[in-house]
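For the record, in the sequence shown the residue sitting at position 180 is 186 according to the working numbering, with numbers rising by one throughout. Positions of the beta carbon are idealized from the N, C-alpha and C atoms, including for glycine. Note that the structure is predicted; figures quoted are calculated from it, not measured. Below: one structure, written as C-alpha cells.
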Amino acid sequence: TATTVIYTLSLHDALPISLTGRFAALTNFRDPSSNRGGAPSRGALVKDFLEQRDRPLAYLERIAKGGAAYNGFNLLVGDRSGGLYCYSNRRPEIEGLKPGVHGLSNRFLDTPWPKVERGKAALARVGSSLRIDPEAVLEILSDRTRPPVDLLPDTGVGEAWERVLSSIFITSPTYGTRSSSVLLVGRDGKVDFVERTFIPEGESVRVEETRRFCFEIR
Numbered sequence: 007t008a009t010t011v012i013y014t015l016s017l018h019d020a021l022p023i024s025l026t027g028r029f030a031a032l033t034n035f036r037d038p039s040s041n042r043g044g045a046p047s048r049g050a051l052v053k054d055f056l057e058q059r060d061r062p063l064a065y066l067e068r069i070a071k072g073g074a075a076y077n078g079f080n081l082l083v084g085d086r087s088g089g090l091y092c093y094s095n096r097r098p099e100i101e102g103l104k105p106g107v108h109g110l111s112n113r114f115l116d117t118p119w120p121k122v123e124r125g126k127a128a129l130a131r132v133g134s135s136l137r138i139d140p141e142a143v144l145e146i147l148s149d150r151t152r153p154p155v156d157l158l159p160d161t162g163v164g165e166a167w168e169r170v171l172s173s174i175f176i177t178s179p180t181y182g183t184r185s186s187s188v189l190l191v192g193r194d195g196k197v198d199f200v201e202r203t204f205i206p207e208g209e210s211v212r213v214e215e216t217r218r219f220c221f222e223i224r
C-alpha cells in the first residue's frame with residue numbers, strides 16, 4: 007500500500023493525530039532575543055486544532071490574525087481532505103505542502119540547516135521503498151552527527167549551543183531529545199504511530215520505552 011510519511015526533525019512538543027485524521031504538530035522558532043514572558047501557550051494550538059472543525063487553511067488564517075501575540079513558532083496542520091499547511095508567526099505567508107520530502111526544525115519550513123538537509127536525504131532513501139519500516143525512520147532520528155562549525159546557523163544562542171543543537175538527535179548534560187516519533191498514514195486510511203522515549207544519563211541517553219498505536223481513520 008502506498009504510504010505518505012509525515013516527518014519532523016526536531017519536534018519536542020506533541021505530535022498528535024485524531025481518530026478522524028486531523029493532524030497537528032508544532033516547533034518553536036529559535037530566536038531567544040524576541041521571546042517575551044507571559045505570552046500565550048504555543049503548545050495549546052495543537053490541541054485547539056484537533057478539537058476544531060475548521061479546514062486546515064481556514065484554521066491557520068484565523069490563527070495568523072493573532073499570531074504576533076505568541077513567541078515564535080511553526081505550526082503544521084492538515085487532514086485527509088484539506089491538505090497539509092504550515093504557518094510560522096515569524097512571516098505572513100501560509101505554505102501549502104506539495105508532495106515530496108520536507109523538513110522542519112526551529113526555523114522556517116525547509117530552511118537548509120545541515121541536520122534538515124541530512125534528514126531529508128535519508129528520508130528520501132527510506133521513502134523510495136514500497137513499504138516503509140518505522141524502525142528505519144527512527145534510525146534517521148537517532149543520528150547524532152554534528153556538522154562542522156562553519157556550517158552552523160547563527161540563531162542567537164552562541165556557538166557552543168549551536169553545536170549542541172546541530173544534530174538530529176540532541177544530547178547534552180542539560181538538554182536533549184526526549185522522544186522520537188514516526189507517523190505513517192496510508193492511502194487506505196490506516197495509521198501507524200510509533201513513539202520512542204529516552205532517559206538522559208549524563209552525556210548519553212537510554213531507551214525508556216517504545217509505544218506503537220495502529221488504527222483506521224474514521
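{"Item": "Whose C-beta lies closer than 7 Å to the C-beta of Ser39 among residues of the same chain, with five residues either side of it excluded?", "Value": "Gly162"}
{"Item": "Verify the contact flag: Lys121, CB atom, against every heavy atom of the ligand MN, threshold strictly below 8 Å.", "Value": "In the structure on display, the ligand MN does not appear, and there are no ligands present to speak of."}
{"Item": "For Arg202, which residues of its own chain have a beta-carbon under 7 Å away from its beta-carbon, when the five flanking residues on both sides are left out?", "Value": "Leu144, Ser185, Ser186, Val213 and Thr216"}
{"Item": "Quick one: grab the DSSP three-state call for Ala45.", "Value": "coil"}
{"Item": "Could you tell me the distance, in whole angstroms, from the CA atom of Ala8 to the CA atom of Phe175?", "Value": "At Ala8, the pLDDT of 39 sits below 50, so the modelled position is not reliable; the number obtained from the coordinates is stated separately. Roughly 28 Å separates the two Cα atoms."}
{"Item": "So Ala45 packs on Tyr65, CB below 8 Å; how close in whole Å?", "Value": "Going by Cβ atoms, the distance from Ala45 to Tyr65 rounds to 20 Å, so no, they are not a contact pair."}
{"Item": "Is it buried or exposed, Val155, if we count other Cβ atoms within 10 angstroms and call 16 or more buried?", "Value": "exposed"}
{"Item": "May I ask you to list the residues that DSSP assigns as paired with Gly102?", "Value": "Tyr91"}
{"Item": "Does the stretch 92 to 105 come close enough to the stretch 77 to 84 to have 3 or more Cβ pairs within less than 8 Å?", "Value": "yes"}
{"Item": "At the level of alpha carbons, what is the spacing between Glu67 and Leu32?", "Value": "16 Å"}
{"Item": "Terminal residues of the continuous beta strand (DSSP E) containing Pro206?", "Value": "Lys196 to Glu207"}
{"Item": "Drop a sphere of 10 angstroms on the beta-carbon of Leu15, count the other beta-carbons inside from all chains shown, and report buried for 16 or more, exposed for fewer.", "Value": "Only weak support exists for where Leu15 lies, its pLDDT of 37 falling under 50; the value from the coordinates is given anyway. By the neighbour-count rule (16 or more Cβ atoms within 10 Å), Leu15 is buried."}
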